[in-house]
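Enquirer: Next up is a structure, given as structure tokens.
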Amino acid sequence: MTSTPAKPLAAETPAPRDPTWVSPDGDPPPVRIGPLGWLVLALRLPVLGLVVFGGLALHLTLRLLERPLFGLKRPVTPFVTQAVCRAAFLVLGIGFRTRGRPMQGRGAVVANHVSWLDIFAMNAPQRIYFVAKNEVAGWPGIGWLAKATGTVFIRRDPREAKAQKLVFEARLRAGHHLCFFPEGTSSDGLRILPFKPTLFAAFFDPDLAGLLSIQPVTLVYTGPPGRDPRFYAWWGTLGFGGHLVRVLAQIRQGQVEVVYHPPIPVAETPSRKAMASRCEAAVKAGLIAGLPEGSLRD
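With full-length UniProt numbering as the guide, the letters of the sequence shown map in order to residues 1 to 298.
Shown next, in the form of structure tokens:
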């Protein structure tokens, strides 16, 4: 196995951002919301807020006891996060299902990035911790949630590479399953963007490589009946608020499926580029199998 010097790990979480990918098919089509849709929105929004921020309050309260007793291990609060994310899909009316089994050993989970809904989809079946660029910590709302749920914040500064590696190593040794999106941005859900190999570099540190595996995961979104198949995808110039409104106002919802592929041991992979390629191929195969025939786009 050839080792690659550790570099700072950075990834985008599903949160408000400047658009970094433009679909060759154009921006998301506009969605007209009728009177009944606005009523559904008015009913769902406060319930969703109660679930998310009520769960956050419970999480923070439990963390006051958990932190001094267990430190990084967090044996209780991740279950609160899971319950909140499962409840969110019930409130939204979006079908949720999984296929395959989440990894049990140490390592990371990587997936295609489609929407802010990915936060709920990835957290609902498995206790994970997102990896995010440091700027996310300062974002209103999202930043608070990210901090509370144990997100690992990374600065893209070579001078901090050593300190970040130590943080990263400590979290992995504590048994945390870290999650990041190697595409670096969200797409329309009908294609897989190239996986950036730089994001895998930290796993090939000689002190960690023999301990870790990386599990590819495919997120397959099915749009509501009669809607554009890209309905749940968040990309281009559509803002977070606009996308949230259209999802909450949708009366008949579609579904999301989380497909777990076999974990790939780091020690059996020659380089970060090879790992990125293997993960990308597995995620793409899952999308091909999950979408209607002929739906995948290059």
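From the three backbone atoms N, C-alpha and C, an ideal C-beta is built for every residue, glycine too.
Could you tell me the boundaries of the beta strand (DSSP E) in which residue 215 lies?
Expert: The residue given as residue 215 occupies position 215 in the sequence shown. In this chain, the beta strand (DSSP E) harbouring residue 215 covers 213 to 222.
Enquirer: In whole angstroms, what is the alpha-carbon distance linking residue 165 and residue 43?
Expert: Against the sequence shown, residue 165 aligns to sequence position 165. Against the sequence shown, residue 43 aligns to sequence position 43. Residue 165 and residue 43: Cα-Cα distance of roughly 45 Å.
Enquirer: Rank 285, 238 and 212 by C-alpha distance to the C-alpha of residue 260 and give the top, closest one.
Expert: Taking the sequence shown and counting its residues from 1, the one referred to as residue 260 is at position 260. The shortest Cα separation from residue 260 among 285, 238 and 212 belongs to 285.
Enquirer: Return the chain-ordered list of same chain residues with a C-beta closer than 7 Å to the C-beta of residue 77, the five sequence neighbours on each side being excluded.
Expert: Mapped onto the sequence shown, residue 77 falls at position 77. Around residue 77: 59, 62, 63 and 66.
Enquirer: Consult DSSP for residue 169 and reduce its assignment to one of helix, strand or coil.
Expert: Within the sequence shown, the letter at position 169 stands for residue 169. Assignment of residue 169 by DSSP, reduced to helix, strand and coil, places it in the helix class.
Enquirer: Under the assumption that residue 153 contacts residue 137 (Cβ atoms under 8 Å), give the Cβ distance between them as a whole number of angstroms.
Expert: Locating residue 153 in the sequence shown gives position 153, where the first residue counts as 1. Locating residue 137 in the sequence shown gives position 137, where the first residue counts as 1. Yes, residue 153 and residue 137 are in contact; Cβ-Cβ is about 5 Å, under 8 Å.
Enquirer: Give me whichever residues DSSP pairs with residue 133 in a beta bridge.
Expert: Residue numbering aside, residue 133 sits at position 133 when the sequence shown is read from its first letter. BP columns for residue 133 point to 154.
Enquirer: Report yes if the CB atom of residue 114 is closer than 9 Å to the CB atom of residue 23, and no otherwise.
Expert: Position 114 of the sequence shown, counted from the start, is the residue given in the question as residue 114. Position 23 of the sequence shown, counted from the start, is the residue given in the question as residue 23. Result no, Cβ atoms of residue 114 and residue 23 do not sit closer than 9 Å.
Enquirer: With a CB to CB cut of under 6 Å and the five nearest residues on each side skipped, what residues in its chain are close to residue 183?
Expert: Taking the sequence shown and counting its residues from 1, one reaches residue 183 at position 183. If we look at residue 183 and ignore the five residues flanking it on each side, its Cβ neighbours are 113 and 193.
Enquirer: Would you please state the rounded distance, in angstroms, between the beta carbons of residue 301 and residue 258? I believe it to be under 8 Å.
Expert: A question about residue 301 goes unanswered here, because the residues of the chain that appear run from 1 up to 298.
Enquirer: Smallest Cα separation from residue 229: which of 200, 190 and 202?
Expert: Here residue 229 is taken as the residue at index 229 of the sequence shown, counted from 1. Comparing Cα-Cα distances from residue 229 to each of 200, 190 and 202, the minimum goes to 190.
Enquirer: Examine the Cβ distances between the region 36 to 50 and the region 118 to 138 and report whether three or more of them are shorter than 8 Å.
Expert: No: the two stretches stay apart, fewer than three of their Cβ pairs being nearer than 8 Å.
Enquirer: Report the rounded CA-to-CA distance for residue 119 versus residue 85, giving the unit in angstroms.
Expert: Here residue 119 refers to the residue found at position 119 of the sequence shown. Here residue 85 refers to the residue found at position 85 of the sequence shown. For residue 119 and residue 85, the distance between alpha carbons rounds to 8 Å.
Enquirer: Between residue 73 and residue 80, what straight-line distance do the alpha-carbon atoms span, to the nearest angstrom?
Expert: Within the sequence shown, residue 73 is the residue found at index 73, counting from 1. Within the sequence shown, residue 80 is the residue found at index 80, counting from 1. Rounded to whole angstroms, residue 73 to residue 80 spans 15 Å at the Cα level.
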